[in-house]
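2 protein chains.
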Amino acid sequence: MGDTPGTSGAGLGGEPTLDEQIAAYQREFQDLDPQVEKIVSALSRLNRRMNVAYGRQTAALGISNAEWEVLKALVLSGAPYRMGPSELAKRLGLTPAAMTHRIDRMVAEGLVTRERDESNRVRVIVELMPEGRDKWLEAMRLATVFEEDLLQDLSADERTVLGEVLTRLLRRVEHAQPDAGGRLTDLD
Amino acid sequence: MGDTPGTSGAGLGGEPTLDEQIAAYQREFQDLDPQVEKIVSALSRLNRRMNVAYGRQTAALGISNAEWEVLKALVLSGAPYRMGPSELAKRLGLTPAAMTHRIDRMVAEGLVTRERDESNRVRVIVELMPEGRDKWLEAMRLATVFEEDLLQDLSADERTVLGEVLTRLLRRVEHAQPDAGGRLTDLD
DNA sequence: AAGATAAATTTCGAAGCTAAACAGTACATG
DNA sequence: CATGTACTGTTTAGCTTCGAAATTTATCTT
């Protein structure tokens, strides 16, 4: 792929084909299971492409990915769409300081409001505004259209199997904790 | 999930279970195919977890994700592991300016060298150093161990099917260009 | 030789995050 | 009831990473 044969794959930016990439992996790293690598690489690429698509869609609505995450957490919390900053921070994996900054921006843009909890004045309540909810809804509409198109070629059976297998993989990652060496030791 | 029933799922930071999340999606957004959403959400979560794992592993080796990307591109380019900054930038989706900065750091850390191409003195050649290659190799060893563990529960047949289906999805995203509305129009 | 083109770097600034110090509130305990 | 302790959220200061635009250096064209 240096400059001799490999101008074949047409990916994002001269990115090699999946098969080309796996061949390169095998060339450079012998003890590699091509089948495993194919699954993992495909997962990774697929997700990158999906994120690019989602990013384009949310950008078209004038919100960043960071803001999208907050909107999503609030909507999924259910009516009346209120959460505390620390709960949000925990959910999104941020420090409280970073959460404060994000909320600052989103308040300034009218996506959410921030007020003190009168029953416990230490706490703060972040509440989703109608405009924020509308943006989330519109983003969801765009996303579902994209997702249906993406899965278009899969039969009902294939969808079922794919969902089941992915869920099983997810369970394995979520219910297991990697030890010092990175191995997944089962907890069940 | 506001605060009444939903303390069940034990994800990253109080993250709801996949099924809980899908139920919430359906509650807030009626025209949603739960099967599609399950696949997409599982894909997304799986990838997030994998990235966390990879991040921990590379961090243990003292390199950032950004540096990991550069090492990977150089190794996969094959011996003698040389690329120009602009080619790297295109591959990684960065501007040339950002690429210059990254290379600065990596040269300072002894992972790569940077020298002018004597045959065309406008160009620069970034070359992988043995230390960089060693880091890549060690990261690959860790990654493959993790990946084997991840796919442990899948039968040979399931691996074959999963690889095939994911490849098909990937082809659909890579060979199609979303139009203005975000739809994937097939190009084949 | 003169301009056009191209590659890489430099400069400047923006975004986003964190750590640590700080302020305000609630609660427990004597 | 008084006070210490714990907790929530914000502020401040600084760091890292990236990008846009201008700049430098070299090559190519005519």
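If you're matching them up, the sequences are chains A and B in order. Here the numbering used here is used: the first residue of the first sequence is 1, the next is one more, and so on. Here the numbering used here is used: the first residue of the second sequence is 1001, the next is one more, and so on. Here a beta-carbon is modelled for each residue, glycine too, at the ideal position from N, C-alpha and C.
Within the same chain, 18, 21, 22 come within 7 Å of residue 41 of chain A by CB-CB distance, once the 5 residues on both sides are set aside. Contact holds between the region 138-154 of chain A and the region 1030-1048 of chain B, because three or more Cβ pairs, one in each stretch, are under 8 Å apart. Residues of the region 25-36 of chain A that bring their beta carbon within less than 8 Å of a beta carbon in chain B comprise 25, 27, 28, 29, 31, 32, 33, 35, 36, in sequence order.
With a cut-off of 8 Å on Cβ pairs, the region 49-63 of chain A is in contact with the region 1164-1178 of chain B, counting three or more such pairs. A buried status is given to residue 1070 of chain B, since no fewer than 16 other beta-carbon atoms sit within 10 Å of its beta-carbon. Residue 1135 of chain B does not reach chain A, its nearest Cβ partner there being about 13 Å away, counting only Cβ pairs nearer than 8 Å.
Contact annotation: residue 1124 of chain B and residue 1116 of chain B have beta-carbon atoms nearer than 8 Å. For residue 158 of chain A, the enclosing alpha helix (DSSP H) covers residues 156-174. Residue pairing of residue 124 of chain A in beta bridges, as defined by DSSP: A:116.
The beta-bridge partner set that DSSP reports for residue 102 of chain A is empty.
Among the residues facing chain B, residue 140 of chain A is included, as its CB has a counterpart in that chain under 8 Å away.
Shortest Cα-Cα distance from residue 58 of chain A to any of A:86, A:88, A:102, A:138 involves A:138.
Residue 58 of chain A is outside the set of residues whose beta carbon lies under 8 Å from a beta carbon in chain B.
Residue contact with chain A for residue 1125 of chain B: absent (no Cβ-Cβ distance below 8 Å to any residue of chain A). The alpha helix (DSSP H) runs lying completely inside the region 1042-1082 of chain B and spanning 4 residues or more are 1065-1076, given in chain order.
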